[in-house]
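Quick mapping for you: the protein sequence lines, in order, are chains A and B. Taking my numbering, I'd label the letters of the first sequence as residues 4 to 183. Taking my numbering, I'd label the letters of the second sequence as residues 168 to 736. Glycine included, each C-beta is placed from N, C-alpha and C at the ideal position.
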Amino acid sequence: MATTKHTLVAIVQDKPGVLNRVVSMFRRRGFNIDSIAVGHSEVPHLSRVTIIVNGTTATVEQVRKQLDKLIDVVKIFDITGEKLTGRELALVKVKASSATRSEILEIADIFRANIVDVASDSLTIEITGDEDKIESMLKLLRGFGVKEIARTGRVAMVRGALGAPPPEERPARTHAKKQA
Amino acid sequence: MKKTGAQILCESLIAEGVDVMFGFPGGVLLPFYDTLPQYPQIRHILVRHEQGAAHAADGYARATGKVGVCMATSGPGATNLVTGIANAYLDSVPMVALTGQVVRAQIGKDAFQEIDITGITLPITKHSYVAMDTAALAKIVKEAFYIARTGRPGPVLIDIPKDVFTDQAEFVYPDKVDLPGYKVPTYGHPTQLKNAAKLINEAKQPLIIAGRGVIISGASAELKELAERAQIPVITTLLGIGCFPESHVLSYGMAGMHGTGYANKALENCDLLIAIGMRFDDRVTGKVSAFAPNAKIIHIDLDPAEIGKNVNVDIPIVGDVGVVLHAMHKMIENNSHIEWIGQLDEWRKQHPMLDIQDGDKLLPQRIVRELYEATKGDAIVVTGVGQHQMWAAQHYFFNNPDSFISSGGLGAMGFGLPAAMGAKVGRPEKMVWLIDGDGSFQMTIQELATLVQDDIDVKIAIINNGYLGMVRQWQDLFYQKNYVATPLSCPDFVKIAEAYCIPGLQVTKREEIKPAIEKAMKHKGPFLLNFMVEPEENVYPMVPPGASNIEFIEQPKKEVSTWPRRSIR
Numbered sequence: 004m005a006t007t008k009h010t011l012v013a014i015v016q017d018k019p020g021v022l023n024r025v026v027s028m029f030r031r032r033g034f035n036i037d038s039i040a041v042g043h044s045e046v047p048h049l050s051r052v053t054i055i056v057n058g059t060t061a062t063v064e065q066v067r068k069q070l071d072k073l074i075d076v077v078k079i080f081d082i083t084g085e086k087l088t089g090r091e092l093a094l095v096k097v098k099a100s101s102a103t104r105s106e107i108l109e110i111a112d113i114f115r116a117n118i119v120d121v122a123s124d125s126l127t128i129e130i131t132g133d134e135d136k137i138e139s140m141l142k143l144l145r146g147f148g149v150k151e152i153a154r155t156g157r158v159a160m161v162r163g164a165l166g167a168p169p170p171e172e173r174p175a176r177t178h179a180k181k182q183a
Numbered sequence: 168m169k170k171t172g173a174q175i176l177c178e179s180l181i182a183e184g185v186d187v188m189f190g191f192p193g194g195v196l197l198p199f200y201d202t203l204p205q206y207p208q209i210r211h212i213l214v215r216h217e218q219g220a221a222h223a224a225d226g227y228a229r230a231t232g233k234v235g236v237c238m239a240t241s242g243p244g245a246t247n248l249v250t251g252i253a254n255a256y257l258d259s260v261p262m263v264a265l266t267g268q269v270v271r272a273q274i275g276k277d278a279f280q281e282i283d284i285t286g287i288t289l290p291i292t293k294h295s296y297v298a299m300d301t302a303a304l305a306k307i308v309k310e311a312f313y314i315a316r317t318g319r320p321g322p323v324l325i326d327i328p329k330d331v332f333t334d335q336a337e338f339v340y341p342d343k344v345d346l347p348g349y350k351v352p353t354y355g356h357p358t359q360l361k362n363a364a365k366l367i368n369e370a371k372q373p374l375i376i377a378g379r380g381v382i383i384s385g386a387s388a389e390l391k392e393l394a395e396r397a398q399i400p401v402i403t404t405l406l407g408i409g410c411f412p413e414s415h416v417l418s419y420g421m422a423g424m425h426g427t428g429y430a431n432k433a434l435e436n437c438d439l440l441i442a443i444g445m446r447f448d449d450r451v452t453g454k455v456s457a458f459a460p461n462a463k464i465i466h467i468d469l470d471p472a473e474i475g476k477n478v479n480v481d482i483p484i485v486g487d488v489g490v491v492l493h494a495m496h497k498m499i500e501n502n503s504h505i506e507w508i509g510q511l512d513e514w515r516k517q518h519p520m521l522d523i524q525d526g527d528k529l530l531p532q533r534i535v536r537e538l539y540e541a542t543k544g545d546a547i548v549v550t551g552v553g554q555h556q557m558w559a560a561q562h563y564f565f566n567n568p569d570s571f572i573s574s575g576g577l578g579a580m581g582f583g584l585p586a587a588m589g590a591k592v593g594r595p596e597k598m599v600w601l602i603d604g605d606g607s608f609q610m611t612i613q614e615l616a617t618l619v620q621d622d623i624d625v626k627i628a629i630i631n632n633g634y635l636g637m638v639r640q641w642q643d644l645f646y647q648k649n650y651v652a653t654p655l656s657c658p659d660f661v662k663i664a665e666a667y668c669i670p671g672l673q674v675t676k677r678e679e680i681k682p683a684i685e686k687a688m689k690h691k692g693p694f695l696l697n698f699m700v701e702p703e704e705n706v707y708p709m710v711p712p713g714a715s716n717i718e719f720i721e722q723p724k725k726e727v728s729t730w731p732r733r734s735i736r
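Okay, structure coming up:
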């Protein structure tokens, strides 16, 4: 079965050890995390975790259910099929001499990236966007020599006025056993 | 009025209805044990090894349906609980495990007997707590018991630093829990119920496979009503044994690796499988791709994560088994399925389980059968893990839920004796028989002392074949009889028992079985029977590992075997 990237959003209790429980569940069940981003949510004492996981629909469904079983996970959604706003932030330190600096600034400008630090032999660029945008800029910058990259992993939100949809039981899957 | 953490813990346990706990003291638990005598309502049973405490709490919980409580000190005490906690986790047993921890200031400093027990037990607990504040202790205990016993039950661990026991706080026991992330599904989805009822009403060859979920939910009556109304044959998993009376005309025994031939044939041929409170363990499914190949599957379970985990199902119903079955009853039509049941009865004749070819040999199957006769099927039977466990499951007929207590998911040897102890403590009015193997028994044999000290009347039947029998059986069948590390030197168990002041008898002949069992039953207090059985008897039928259930191997015709005893005499 084809694997695709899924975006899971978990609202978890902001308590010591909770992230450990979430991550440990992935290890224990043999699932792989592509990226994970954690921060405060709109509710005090609740954190929002965005997890990108690569897998078949069935695998990711199992991931979602196992995460939902954790007592400290208050809500969890698989928002993959929804209209999303997904963003990642990256800091890129790139080699820059007086000869190349203006060219790099031009690239940053095209990607609406910000220069956050300037040194005699380097520039640090802050870029926000989806993974494709960041990858595209990195591709252009690699020619100058990238010294360091720090990326946050994706955070995501469903578009529109409504909050995340309530978790519900998925309808029965087709009887795939016969083909097995 | 302010109370110490130790007092708060005791009061909280009492508020949860705890009247017995199994434990073992240690340095950081001293403040707790110092306080315990103030609360004579709590009976503390001192085990000989913390693994015994966890298994005893497990046996107690399975026999009573209440939450079992065990306690161990920090470090090695806590790590010794691990096997028992894992066992409770895999078999969905409600348990609260209390561990002592070093004082708060020393946490993370590798202090003496400090271990990160919440970290170690993270994947084998339903939830866990480190109680870092005496004022929060009551709330934590309340939540722990609530989580352990509701929904799909499981073990919850509370790690308590020594100075949390000695600190003081106001004690108010909360009357409610606030757990926004904890959901317990109850009712099945109405549309799915309708769809399921439609499939059941239309099926020509329906089959029910029932698991421990039925026992946990207390849904035996609902299961019986469904089976009888629609005339659906019932098979069970190992841990489902007893949820449907095995004397019932619709009962076709256990399915899976050592299940009956007719149960496995029924699985192969059914056109609808109604899986109730079970999780498609590989010991039940055999080769998954060949499992119930002709059937649509309805899966009723409380845990949504079990749906579609191992086997794809057509109609998932997430809810409490009893509630779901009750809601479905009025949608189920009366039915007969005469041909299908006739077919199963025909298979039962072709693959009889009752046929024991003993000749002049002392066979384990006969012993279990005699135990059944002598106890009139009314005992609680607890087992270790191995061949004896399967013989107990196959040859004792269980008609009551909670009457067969065994380590299923984890398959933990050594479970038997402490679990039997816990079961007897929880159900003193019942006769409790431990059927154990010579290998399993030696893993937790030290709990014999606990039986004596706390006057716990467990009857012990050791199926002694001088081997780690189940492993030897696999070596026999799949490793060209290369018996490596399975011949087992055993002490004289009767003498061992005697040393613990427990009377015992050695049994070597078939005709001695009955009088020996009667003697044990007449004796007030624990009694040990050491059955020196045929050493190379195998458990049949057997589905080879990785094979499909229909490929079960049956008992071959008997050869004459010798008697190479390996016991120390």
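Query	Result
Could you round the C-beta distance between Leu529/B and Val700/B to whole angstroms and report it? I think they count as a contact, below 8 angstroms.	5 angstroms
Give the residues of chain B in contact with Lys72/A, contact being defined as C-beta atoms less than 7 angstroms apart.	Ala472
Answer with yes or no whether the minimum CB distance from Asp133/A to chain B is below 8 angstroms.	no
Beta-carbon within less than 6 angstroms of Leu257/B's beta-carbon, same chain only, minus the 5 sequence neighbours each way: which residues are those?	Gly576 and Leu577
According to the neighbour-count rule (16 or more other Cβ atoms, all chains shown, within 10 Å of its Cβ), is Cys177/B buried or exposed?	buried
Using three-state DSSP, classify Arg319/B as helix, strand or coil.	coil
What does the Cβ neighbour count give for Phe279/B, buried or exposed, with the cut at 16 atoms within 10 Å?	exposed
Are any of the Cβ atoms in chain B nearer than 8 angstroms to that of Arg154/A?	no
Helix, strand or coil for Glu413/B? Go by DSSP, reduced to three states.	coil
Please give the ranges of any alpha helix (DSSP H) in the stretch 322 to 353 of chain B, keeping only runs that are unbroken, at least 4 residues long and fully inside the region.	329 to 333
Should Ser179/B go down as buried or exposed, given a rule of 16 or more other Cβ atoms within 10 Å for buried?	buried
What's the gap between the Cα of Pro204/B and the Cα of Arg210/B?	9 angstroms
Does Pro198/B pass the burial test, meaning 16 or more other C-beta atoms within 10 Å, or should it be called exposed?	buried
Would you mind stating whether Thr113/B and Ile287/B have Cβ atoms separated by less than 8 angstroms?	It is not possible to answer for residue 113/B, since the shown part of chain B is limited to 168 through 736.
At 3 residues or longer, and completely inside the stretch 113 to 165 of chain A: list those beta strand (DSSP E) runs for me, N to C.	117 to 121, 125 to 132, 149 to 154 and 158 to 161
Can Val710/B and Phe719/B be called in contact, C-beta distance under 8 angstroms?	yes
Where are the alpha helix (DSSP H) runs, 4 residues long or more, that stay fully inside the stretch 617 to 671 of chain B, in chain order?	636 to 645 and 660 to 666
DSSP state of Asp81/A, grouped into three classes?	strand
Any residues in the stretch 46 to 68 of chain A with a beta carbon nearer than 8 angstroms to a beta carbon of chain B? Which ones, in chain order?	Ala61, Glu64, Gln65 and Lys68
What are the residues that DSSP puts in a beta bridge with Ala239/B?	Thr266/B
In chain B, what lies closer than 7 angstroms to Asp17/A by C-beta?	Neighbours of Asp17/A on chain B: none; closest Cβ ~12 angstroms, over 7 angstroms.
For Thr10/A, collect the residues of the same chain with a Cβ closer than 8 angstroms to its Cβ; drop the 5 residues on either side in sequence, then sort them by chain order.	Thr53, Ile54, Ile55, Asp81, Ile82, Thr83, Leu87, Gly89, Arg157 and Ala159
With distance defined between alpha-carbon atoms, name the residue in Lys454/B, Gly486/B and Gly489/B nearest to Val478/B.	Lys454/B
Strictly under 8 angstroms for the Cβ-Cβ distance: is Pro290/B near chain A by that measure?	yes
Check the C-beta distance from Val488/B over to Ala386/B and give it rounded, since I have them as a contact under 8 angstroms.	5 angstroms
Among Asn436/B, Ala430/B, Ile465/B and Thr292/B, which one has its Cα closest to the Cα of Met445/B?	Ile465/B
Can you pull the chain B residues whose beta carbon is under 9 angstroms from the beta carbon of Val12/A, in chain order?	Neighbours of Val12/A on chain B: none; closest Cβ ~14 angstroms, over 9 angstroms.
How long is the line joining the alpha carbons of Gly589/B and Phe571/B, rounded to whole angstroms?	13 angstroms
Would a C-beta distance cut-off of 8 angstroms place Phe694/B and Ile717/B closer than the cut-off?	no
What does the Cβ neighbour count give for Leu601/B, buried or exposed, with the cut at 16 atoms within 10 Å?	buried
Chain A partners of Pro322/B, CB-CB under 8 angstroms?	Result: empty, since nearest Cβ-Cβ is about 13 angstroms, beyond 8 angstroms.
With DSSP collapsed to three states, give me the class of Arg450/B.	helix
Compile a chain-ordered list of the residues in the stretch 468 to 492 of chain B whose CB is closer than 9 angstroms to at least one CB of chain A.	Asp470, Pro471, Ala472, Glu473, Ile474, Gly475, Lys476, Val478, Asn479, Val480, Asp481, Ile482, Pro483 and Val485
Report the neighbours of Pro357/B on chain A: residues whose CB is nearer than 7 angstroms to its CB, in chain order.	Ordered by position in chain A, no residue passes the 7 angstroms Cβ test against Pro357/B, which lies about 12 angstroms from the chain.
Do you know how far the Cα of Leu635/B is from the Cα of Glu704/B?	12 angstroms
Terminal residues of the continuous beta strand (DSSP E) containing Tyr296/B?	His294 to Val297
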